[in-house]
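Q:
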Ligand code: M6P
Ligand code: ZN
């Protein structure tokens with residue numbers, strides 16, 4: 018017998034907060050080794066700013082069900098590199114995802130297992146499709162929080178491993194006020 022769940026609706030507040038959702042806070046100190054400029058990282062660690070918050074509504078890991086979450090990614094830089102989310106492949110690598118941008122300005126870095134990189138700009142109204150097998154990281158290139166809603170399969174899971182070790186093949190940096198993608202020296 019199939020046990021039916023109850024439907025529900027939630028409100029995404031102007032700020033991106035979903036009340037009653039599970040809240041995950043990522044401070045700079047939770048992101049050791051993620052930013053290219055280690056000296057700038059150490060210096061900013063004195064403040065240990067919140068880089069982003071995730072408000073997630075998650076179901077049991079079951080095929081066919083969906084999770085969703087808002088992310089509030091704050092503006093900031095470590096050296097020249099803009100604040101970003103850790104980024105991940107899905108533990109079930111063939112699972113896709115959709116992001117809907119609500120506020121702010123930035124973009125998504127996507128990367129295949131072989132290291133092919135794509136950049137998709139994000140601003141309010143933009144919907145980004147993350148195909149199966151692509152790692153994904155969002156980057157705030159603006160002055161305001163970048164807020165977006167992500168919808169993903171409940172059994173997708175997160176695989177942070179290779180991104181934590183090597184990062185993405187490209188860094189997103191501020192070059193005299195311009196947003197530029199440059200080669201990541203740590204990428205092999
Ligand atoms: C989105 C979704 C979540 C993810 C979050 C933060 O809301 O993709 O699954 O957890 O962004 O990204 P990360 O897990 O890479 O820090
Ligand atoms: Zn994902």
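Numbering (our numbering), first residue to last: 18 to 205.
Using N, Cα and C, we set each Cβ at its ideal position, and we do this for glycine too.
Report the residue from 85, 129 and 172 whose alpha carbon sits nearest the alpha carbon of residue 109.
A: As a first step, residue 109 must be located in the chain shown, where it is residue number 92. Ranking 85, 129 and 172 by Cα distance to residue 109 puts 172 first.
Q: Take residue 24 as the anchor and find which of 76, 121, 125 and 179 has the nearest alpha-carbon.
A: Walking along the chain shown from the start, residue 24 turns up at place 7. Out of 76, 121, 125 and 179, 76 has the C-alpha closest to the C-alpha of residue 24.
Q: Taking just the CA atoms, how far does residue 45 sit from residue 62?
A: Taking the first residue of the chain shown as 1, we reach residue 62 at position 45. Taking the first residue of the chain shown as 1, we reach residue 45 at position 28. Whole-angstrom Cα-Cα distance: 7 Å.
Q: Between residue 212 and the ligand ZN, is the CB less than 8 Å from at least one heavy atom?
A: This structure leaves residue 212 out entirely; the chain is present only between 18 and 205.
Q: Below 9 Å between beta carbons: does that hold for residue 69 and residue 89?
A: Numbered from 1 along the chain shown, position 52 holds the residue referred to as residue 69. Numbered from 1 along the chain shown, position 72 holds the residue referred to as residue 89. Yes, they are a contact pair.
Q: When you compare only the Cα positions, how much space is there between residue 107 and residue 178?
A: Mapped onto the chain shown, residue 107 falls at position 90. Mapped onto the chain shown, residue 178 falls at position 161. C-alpha separation (whole angstroms): 11 Å.
Q: Straight-line CA distance for residue 121 to residue 139?
A: Taking the first residue of the chain shown as 1, we reach residue 121 at position 104. Taking the first residue of the chain shown as 1, we reach residue 139 at position 122. Residue 121 and residue 139: Cα-Cα distance of roughly 8 Å.
Q: Using CA atoms only, rank isn't needed, just tell me which of 166, 43, 38 and 51 is closest to residue 183.
A: Position 166 of the chain shown, counted from the first residue, corresponds to residue 183. Of the candidates 166, 43, 38 and 51, the one whose C-alpha sits nearest the C-alpha of residue 183 is 51.
Q: Does residue 181 come out as helix, strand or coil in the three-state DSSP assignment?
A: For this step, residue 181 is matched to residue 164 along the chain shown. The answer is helix: DSSP assigns residue 181 an H, G or I state.
Q: In three-state DSSP terms, what is residue 72?
A: Taking the chain shown and counting its residues from 1, the one referred to as residue 72 is at position 55. Strand at residue 72.
Q: Determine which residues share a DSSP beta bridge with residue 157 and list them.
A: Working through the chain shown from its first residue, we reach residue 157 at position 140. In the DSSP output, where bridge partners are listed per residue, residue 157 has 123.
Q: With residue 58 as the anchor, note down where its alpha helix (DSSP H) starts and where it stops.
A: Residue numbering aside, residue 58 sits at position 41 when the chain shown is read from its first letter. From DSSP, the alpha helix (DSSP H) with residue 58 extends over 55 to 61.
Q: Tell me, which residues are paired with residue 152 by DSSP?
A: Counting from 1 along the chain shown, the entry for residue 152 is found at position 135. Answer is 128, bridged to residue 152.
Q: Would residue 118 pass as a contact of residue 144 if the rule is Cβ separation under 9 Å?
A: Position 101 of the chain shown, counting from 1, holds the residue named residue 118. Position 127 of the chain shown, counting from 1, holds the residue named residue 144. In contact: residue 118 and residue 144 (Cβ atoms closer than 9 Å).
Q: Who are residue 85's beta bridge partners in DSSP?
A: By 1-based counting over the chain shown, the position of residue 85 is 68. Residue 85 is bridged to 74 and 168.
Q: Can you give me the start and stop residues for the beta strand (DSSP E) that residue 195 sits inside?
A: In the chain shown, counting from the first residue as 1, residue 195 sits at position 178. It spans 195 to 200 - the beta strand (DSSP E) in which residue 195 sits, taken as one unbroken run.
Q: Grouping DSSP H, G and I as helix and E and B as strand, with all else coil, what is residue 139?
A: Here residue 139 refers to the residue found at position 122 of the chain shown. Here residue 139 sits in strand by DSSP.
Q: Suppose you measure from the CA of residue 87 to the CA of residue 199; what does that come to, to the nearest Å?
A: The residue you call residue 87 lines up with position 70 of the chain shown. The residue you call residue 199 lines up with position 182 of the chain shown. Spanning the two alpha carbons is a distance of roughly 28 Å.
Q: Is the CB-CB distance between residue 97 and residue 190 below 9 Å?
A: For the purposes of this step, residue 97 is taken as residue 80 along the chain shown, with counting starting at 1. For the purposes of this step, residue 190 is taken as residue 173 along the chain shown, with counting starting at 1. A contact, by the Cβ cut-off of 9 Å.
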